[in-house]
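Visitor: For the record, in the sequence shown the residue sitting at position 254 is 254 according to UniProt numbering, with numbers rising by one throughout. Each residue gets a CB set at the ideal place from its N, CA and C atoms; glycine is no exception.
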Amino acid sequence: MSENVELSETQTEELMMLGSSANLLVTKEVLTYLKMRSDSALRVTMHMTGRASYNQANKCHRWYVLFDDQECSSPASIEMMETSESATQYLQTMDIDGTCYGLASGTITIKLNHEPCDGYGASNSNTGHLSSRSVVVYEITTPEEVSESKRIAESHVLVYSTGTIHRSYLGNIQQFYWWNPQWLSDNAILLSISYTKEYADTGLKLSTHGNHRVAPDSTNSGCGRWFFEIDNAECSDPGTIEGVLDPQLASSYYIPLHVSGICHNVGIGSHTIQYSVGRCQGQSMDTDATTGWASSFTIVVEEVRVEELQTSCSGRPVTCS
Numbered sequence: 001m002s003e004n005v006e007l008s009e010t011q012t013e014e015l016m017m018l019g020s021s022a023n024l025l026v027t028k029e030v031l032t033y034l035k036m037r038s039d040s041a042l043r044v045t046m047h048m049t050g051r052a053s054y055n056q057a058n059k060c061h062r063w064y065v066l067f068d069d070q071e072c073s074s075p076a077s078i079e080m081m082e083t084s085e086s087a088t089q090y091l092q093t094m095d096i097d098g099t100c101y102g103l104a105s106g107t108i109t110i111k112l113n114h115e116p117c118d119g120y121g122a123s124n125s126n127t128g129h130l131s132s133r134s135v136v137v138y139e140i141t142t143p144e145e146v147s148e149s150k151r152i153a154e155s156h157v158l159v160y161s162t163g164t165i166h167r168s169y170l171g172n173i174q175q176f177y178w179w180n181p182q183w184l185s186d187n188a189i190l191l192s193i194s195y196t197k198e199y200a201d202t203g204l205k206l207s208t209h210g211n212h213r214v215a216p217d218s219t220n221s222g223c224g225r226w227f228f229e230i231d232n233a234e235c236s237d238p239g240t241i242e243g244v245l246d247p248q249l250a251s252s253y254y255i256p257l258h259v260s261g262i263c264h265n266v267g268i269g270s271h272t273i274q275y276s277v278g279r280c281q282g283q284s285m286d287t288d289a290t291t292g293w294a295s296s297f298t299i300v301v302e303e304v305r306v307e308e309l310q311t312s313c314s315g316r317p318v319t320c321s
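1. For the candidate residues H264, V214 and E229, whose alpha-carbon lies nearest to that of C223?
2. In the DSSP assignment, what are the bridge partners of M46?
3. Can you check whether the CB of H114 is closer than 8 Å to the CB of W179?
4. Taking the beta strand (DSSP E) that residue 339 falls in, what are its first and last residues?
5. Using DSSP with H/G/I as helix, E/B as strand and the rest coil, what is E234?
6. May I have the straight-line CA-CA distance separating V137 from I108, to the nearest angstrom?
7. If contacts are defined as beta-carbon pairs under 8 Å, then C100 and C72 qualify, I think. What distance do you get, rounded to the angstrom?
8. What residue range does the beta strand (DSSP E) around H271 cover?
9. Considering only residues of the same chain and omitting the five flanking positions on each side of H212, which have a CB-CB separation below 7 Å?
10. So, helix, strand or coil for S312, using DSSP?
11. Which runs of the alpha helix (DSSP H) fall wholly inside the stretch 190-218 and span at least 4 residues, in chain order?
12. One question on the structure: do V304 and D97 come within less than 8 Å of each other, judged by their Cβ atoms?
13. From Q92 to G50, what does the alpha carbon distance come to, in whole angstroms?
14. Among M46, S40, K111 and M94, which one has its Cα closest to the Cα of Q70?
15. Using alpha carbons as the reference points, say which of Y199, Y275 and A122 lies closest to I230.
16. Roughly how many whole angstroms lie between the Cα atoms of residue 326 and N126?
17. Does DSSP classify T290 as helix, strand or coil?
18. Please classify M48: is it buried, with 16 or more other beta-carbons within 10 angstroms of its beta-carbon, or exposed?
19. Indicate the three-state DSSP secondary structure (helix, strand or coil) for I173 in the structure shown.
20. On the DSSP bridge list, what partners appear for Q70?
21. Could you tell me the alpha carbon to alpha carbon distance between A104 and D186, rounded to whole angstroms?
22. Shortest alpha-carbon distance to A52 belongs to which of S134, G121 and Y177?
23. Can you tell me the Cβ-Cβ gap for E198 and S40, rounded? I've got them flagged as a contact below 8 Å.
24. Could you please give the first and the last residue of the uninterrupted beta strand (DSSP E) stretch that includes T298?
25. Is it the case that the Cβ atoms of G210 and S295 are separated by a distance below 8 Å?
26. Indicate the three-state DSSP secondary structure (helix, strand or coil) for V26 in the structure shown.
27. Given a threshold of 16 other Cβ atoms within 10 Å of its Cβ, counted over all protein chains shown, does S84 qualify as buried or as exposed?
28. Starting from L245, trace the beta strand (DSSP E) in both directions and tell me its first and last residue.
29. With 16 as the cutoff for other CB atoms within 10 Å, does P238 come out buried or exposed?
30. If you draw a straight line from the alpha carbon of L66 to that of G203, how long is it in whole angstroms?
31. Can you find the residues in the same chain that come closer than 8 Å, C-beta to C-beta, to P247, ignoring five residues on each side of it along the sequence?
What follows is the structure, encoded as structure tokens:
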């Protein structure tokens with residue numbers, strides 16, 4: 001079952017955390033964030049490299065975010081997981097992305113924790129190998145402020161002496177959440193959601209976070225492709241929004257796949273957003289694909305204004321009509 005929440009973005013803070021290859025169950029890096037309101041939500045995105053195990057078969061590892069030493073419970077934990085069926089090392093870039101509600105205002109400590117999945121033994125996992133780990137925290141408002149924010153954004157612009165207008169950004173964000181959906185299709189529309197676009201001069205940013213798997217029956221087969229569609233058509237401006245898994249070996253890995261991109265020339269009004277799976281181009285063999293196994297799965301749709309500057313009157317900062 002999915003949970004659909006409409007949000008409006010108000011505050012952004014970005015911090016960097018140094019990469020760590022220590023195989024610890026609890027990472028030592030801690031960041032603090034000053035949450036301004038009690039009725040807002042926090043969105044956390046993390047980008048890093050990771051691995052479930054090395055030279056150990058049948059291992060599963062889970063990474064998750066802690067707020068003041070507690071996992072998120074509304075709507076659910078912000079997490080990712082990876083399994084390795086064979087003893088081959090699978091070190092890759094991974095992303096965590098999710099929104100948490102019900103957090104009090106004030107200073108909040110945010111940590112990244114990791115441990116074996118339930119029912120699995122300890123593994124020599126790795127986090128942050130030969131790379132930095134970035135964290136972005138957003139504070140986002142409740143739906144009650146969306147209409148007023150929209151009115152202000154449409155009626156006010158800030159003009160600088162350079163002759164450019166800086167138009168304010170309105171967050172029109174919806175998050176959709178599933179727990180352990182286990183879509184088993186190789187070639188199908190996995191999910192379909194509705195989204196209402198408010199502005200003509202914005203693009204749609206589509207993002208998904210969750211684990212994906214292809215399990216080929218033989219070497220050099222089983223290339224799987226996941227992709228977004230808007231109103232039954234893939235994006236053409238600038239191009240398709242997709243992700244591909246091609247393990248090139250006869251083994252099964254459940255790994256996090258972050259598919260994200262911005263699509264332009266999407267009109268105002270209601271649209272159907274679809275997330276689908278299929279075979280890679282030229283691929284004839286079945287992939288035995290699985291999407292969203294034993295963990296949370298999220299889709300985030302947000303309206304973004306990529307081109308923020310417009311030519312306007314020159315001179316000292318004034319409001320121009």
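Guide: Once the coordinates are examined:
1. One-based indexing of the sequence shown puts residue 223 at position 223. V214 is the residue among H264, V214 and E229 whose C-alpha sits nearest the C-alpha of C223.
2. In the sequence shown, counting from the first residue as 1, residue 46 sits at position 46. M46 pairs with I96 and V135.
3. Working through the sequence shown from its first residue, we reach residue 179 at position 179. Working through the sequence shown from its first residue, we reach residue 114 at position 114. No; because the gap between Cβ atoms is not below 8 Å, this pair is not in contact.
4. Because the chain here runs from 1 to 321, residue 339 falls outside it and cannot be looked at.
5. Here residue 234 refers to the residue found at position 234 of the sequence shown. Of the three classes helix, strand and coil, the one that applies to E234 here is coil, per DSSP.
6. Locating residue 137 in the sequence shown gives position 137, where the first residue counts as 1. Locating residue 108 in the sequence shown gives position 108, where the first residue counts as 1. If you take the alpha carbons of V137 and I108, they lie about 11 Å apart.
7. Residue numbering aside, residue 100 sits at position 100 when the sequence shown is read from its first letter. Residue numbering aside, residue 72 sits at position 72 when the sequence shown is read from its first letter. 4 Å between Cβ atoms; contact.
8. Counting from one through the sequence shown, the residue named residue 271 turns up at place 271. G269 to R279 is the extent of the beta strand (DSSP E) around H271.
9. One-based indexing of the sequence shown puts residue 212 at position 212. Cβ neighbours of H212 beyond the five flanking positions: W226, L245, I255, L257 and T291.
10. In the sequence shown, residue 312 corresponds to position 312, counting from 1. The predicted position of S312 is uncertain, since its pLDDT is 40 and thus under 50; no value can be drawn from it.
11. none
12. The residue given as residue 304 occupies position 304 in the sequence shown. The residue given as residue 97 occupies position 97 in the sequence shown. No, the pair does not count as a contact, with Cβ atoms beyond the cut-off.
13. In the sequence shown, counting from the first residue as 1, residue 92 sits at position 92. In the sequence shown, counting from the first residue as 1, residue 50 sits at position 50. Cα to Cα, Q92 sits roughly 6 Å from G50.
14. Here residue 70 refers to the residue found at position 70 of the sequence shown. Cα-wise, what sits closest to Q70 is K111.
15. As a first step, residue 230 must be located in the sequence shown, where it is residue number 230. When each option's Cα is compared against that of I230, the closest is Y275.
16. Because the chain spans 1 through 321 in this model, residue 326 falls outside it and cannot be assessed.
17. Residue mapping note: residue 290 aligns to position 290 of the sequence shown, counting from 1. Correct three-state label for T290: strand.
18. Against the sequence shown, residue 48 aligns to sequence position 48. Buried, since its Cβ has 16 or more Cβ neighbours within 10 Å.
19. Taking the first residue of the sequence shown as position 1, residue 173 is located at position 173. Looking at I173 - three-state DSSP - the assignment turns out to be strand.
20. Residue 70 sits at position 70 when you count from the first residue of the sequence shown. In DSSP, Q70 forms a bridge with F67.
21. By one-based count along the sequence shown, residue 104 stands at place 104. By one-based count along the sequence shown, residue 186 stands at place 186. Looking at the two C-alpha atoms, the distance is approximately 43 Å.
22. On the sequence shown, position 52 is the one that residue 52 refers to. Of the candidates S134, G121 and Y177, the one whose C-alpha sits nearest the C-alpha of A52 is G121.
23. Working through the sequence shown from its first residue, we reach residue 198 at position 198. Working through the sequence shown from its first residue, we reach residue 40 at position 40. The Cβ separation is near 20 Å, so there is no contact.
24. Looking up residue 298 in the sequence shown gives position 298. S296 to V304 is the span of the beta strand (DSSP E), which, as asked, contains T298.
25. Stepping through the sequence shown from its first residue, residue 210 is reached at position 210. Stepping through the sequence shown from its first residue, residue 295 is reached at position 295. Against a cut-off of 8 Å, the Cβ pair of S295 and G210 comes out as a contact.
26. Sequence index remark: in the sequence shown, residue 26 carries index 26 (1-based). Here V26 scores only 32 on pLDDT, less than 50, and its place in the model should not be relied on; the value that follows carries that caveat. Correct three-state label for V26: strand.
27. Translated into the one-based positions of the sequence shown, residue 84 becomes position 84. Under this definition S84 is a buried residue.
28. Along the sequence shown, one-based indexing puts residue 245 at 245. Per DSSP, L245 belongs to the beta strand (DSSP E) from E242 to L245.
29. Counted from its first residue, the sequence shown places residue 238 at position 238. Exposed is the call here.
30. Your numbering for residue 66 matches position 66 in the sequence shown. Your numbering for residue 203 matches position 203 in the sequence shown. L66 and G203: Cα-Cα distance of roughly 32 Å.
31. Position 247 of the sequence shown, counting from 1, holds the residue named residue 247. Closer than 8 Å at the Cβ level, and outside the excluded window around P247, lie V214, P216, G222 and Y253.
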